[in-house]
Ligand code: SF4
């Protein structure tokens, strides 16, 4: 795998802090809401199917690279109290949902959803069923940690109709695993995969991370060979986001030194080369899927969506998040729950929804959010179609953005087409930079807010 001098120049030029665009505007633009009533408009009056997200924050140990909102504890009884609180939140929330509005998606994220004991998972399923009905083709998924997974956990999730799972491997190399404080032998991955398949999980996604200490193209090649033997349906290969000012444990990774941007790019290229040779389709940003996967069909039809949970095929859903730090998204805007358990408990005790922050979209936000989503999902942009959809003269409205795109075009990151532009293979690695041209909120000095784009 050769990185050319030209590649190095591009990295030098484009590797700067920038949002990951799982939302637009990014979450750092949310503001405090003492009264969340305006944020609930689309829940009360909309008719889009619901997409339910539950944040289950507990982990037995902390992986030092982790950017999620977690609580580290060995006390599994804490799961009971958390379920009591979720029960209260669901009861308060359900009062805002008109009867008959159904859910199209259910997702458990964390933390470690399988930190909860199987009987606690059954209780959670009963709570959800008490308040929501699902469409027949609802998609139900869970994030799992193979290090804590038993057959009983998998069976409990299967009992509530979950057929999709995602589990973190990150890296198979023992030295890397020691450096990130996550020891996970391949035997655990094999066992997790077998148990999931035996229990009817039809789609399994594996997460890897590139940019961790001690990773090299040689070691990562071996990781790729090992994970390919597991035959997952999808891969998410995340660019490690080093944000120690937000996640102090990440400082511990600096002891070993972090790979350079050039090495990171080499690792990503390796993934693209190896996984596509194995038949996976590179969807964009950080996701790969088998050609038969619905994400691949959706990308072809230009209906792929991107939200806080990654890529999805369900457009226009009302995302309703529950639990600490969860983010919801509807037609009105975003709302975010309080991040700490004490405040979450106190707000619920007062009979209040635990929403603390939010954002109400302007028309311009909706337009720019749509453009960024289409760019990141389709890897192209059709100015004509966007102009018609939003009833604007696209070239006039986005003259400044188009001007900014001339430089990436000259660098071979995009090619102009009759109706707009398409991202080149080289440009795929810099798609966040391309999206940044359409971001009205980017400040010149974004250092200290976002991770770097490469
Ligand atoms: S990576 Fe997963 S298991 Fe590790 S601390 Fe983060 S949420 Fe917990």
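Residue numbers (the numbering used here): 65 to 518. Quick reminder that beta carbons are idealized off the backbone N, C-alpha and C, glycines included.
* **Environment of residue 432 [buried if 16+ CB atoms lie within 10 Å]** => Under this definition residue 432 is a buried residue.
* Check residue 295 in the structure and name its three-state DSSP category. => coil
* To do: Answer yes or no: the CB of residue 456 versus the heavy atoms of the ligand GDP, is any distance below 7 Å?
  => As far as ligands go, the structure on display features the ligand SF4 and does not contain the ligand GDP.
* **Complete alpha helix (DSSP H) runs within the stretch 456-509 (minimum length 4 residues, chain order)** => 458-461, 463-474 and 495-500
* Asked: Does the ligand SF4 have even one heavy atom less than 7 Å from the beta-carbon of residue 335?
  -> no
* Are residue 294 and residue 270 closer than 8 Å when you measure CB to CB? -> Taking C-beta atoms as the reference points, residue 294 and residue 270 count as a pair closer than 8 Å.
* To do: Answer yes or no: do residue 176 and residue 237 have a C-beta to C-beta separation smaller than 8 Å?
  => no
* Note down the Cα distance separating residue 482 from residue 91, rounded to an integer number of angstroms. => So the alpha carbons of these two residues sit roughly 34 Å apart.
* Asked: For residue 204, does the three-state DSSP call read helix, strand or coil?
  -> Residue 204: strand per DSSP, three-state reduction.
* Do the CB positions of residue 113 and residue 191 come within less than 8 Å of each other? -> no
* To do: Would you kindly work out how many angstroms separate the C-alpha atoms of residue 302 and residue 418, rounded to a whole number?
  => 30 Å
* Asked: Out of curiosity, what's the CA-to-CA distance linking residue 338 and residue 408?
  -> 45 Å
* Rounded to a whole number of angstroms, what is the C-alpha to C-alpha distance between residue 376 and residue 272? -> 19 Å
* Beta carbon of residue 246: closer than 7 Å to some heavy atom of the ligand SF4? -> yes
* Asked: Is it the case that the CB of residue 132 approaches a heavy atom of the ligand SF4 more closely than 7 Å?
  -> Within the cutoff, so yes.
* Quick one, which of 155, 291, 118 and 144 has its alpha-carbon nearest residue 300's? -> 291
* **DSSP three-state assignment for residue 245, whether helix, strand or coil** => coil
* Asked: To the nearest angstrom, how far is it from the Cα of residue 430 to the Cα of residue 255?
  -> 44 Å
* Counting Cβ pairs closer than 8 Å, one from the stretch 92-99 and one from the stretch 150-167, do we hit at least three? -> no
* Who pairs with residue 136 in a beta bridge, going by DSSP? -> 123
* Element boundaries [beta strand (DSSP E), containing residue 91] -> Segment: none, residue 91 is in no beta strand (DSSP E) and carries neither H nor E.
* Asked: From this set, 155, 296, 318 and 239, which residue's C-alpha is nearest residue 519's C-alpha?
  -> This structure leaves residue 519 out entirely; the chain is present only between 65 and 518.
* **Reduced DSSP secondary structure (H/G/I, E/B, other) of residue 164** => coil
* **Segment limits, beta strand (DSSP E) that includes residue 306** => Where residue 306 is concerned, there is no enclosing beta strand (DSSP E), given that its DSSP letter is neither H nor E.
* Considering only residues of the same chain and omitting the five flanking positions on each side of residue 260, which have a CB-CB separation below 7 Å? -> Once the five neighbours on either side are set aside, the close Cβ partners of residue 260 are 218, 229 and 268.
* Asked: Mind checking whether residue 387 and residue 371 have CB atoms under 8 Å apart?
  -> In this structure, residue 387 keeps its C-beta atom at 8 Å or more from the C-beta atom of residue 371.
* Spell out a yes or no on whether the stretch 435-450 and the stretch 351-368 are touching, meaning 3 or more CB-CB pairs, one atom from each, closer than 8 Å. => With a cut-off of 8 Å, the stretch 351-368 and the stretch 435-450 count as touching, because enough Cβ pairs lie within range.
* Which whole-angstrom value is the C-beta distance of residue 115 and residue 398, which I expect to be below 8 Å? -> Incorrect: roughly 14 Å between the Cβ atoms, too far for contact.
* Specify, as a first and last residue, the run of the beta strand (DSSP E) that residue 384 falls within. => 382-386
* Asked: Which residues bound the beta strand (DSSP E) around residue 218?
  -> From DSSP, residue 218 is part of no beta strand (DSSP E) but of the alpha helix (DSSP H) over 215-223.
* Asked: Smallest Cα separation from residue 265: which of 208, 74 and 390?
  -> 208
* To do: Under 8 Å Cβ to Cβ from residue 479, same chain only, skipping five residues before and after it: list those, please.
  => 473, 485, 486 and 488
* So does residue 137 have its beta carbon nearer than 7 Å to some heavy atom of the ligand SF4? -> no
* **residue 176 CB to nearest heavy atom of the ligand SF4 below 7 Å** => Yes, the beta carbon of residue 176 sits closer than 7 Å to at least one heavy atom of the ligand SF4.
* To do: Could you check what DSSP says for residue 313 in three-state terms: helix, strand or coil?
  => helix
* Mind pulling the beta strand (DSSP E) runs of 3 or more residues that sit fully within the stretch 387-412? -> 391-393 and 397-401
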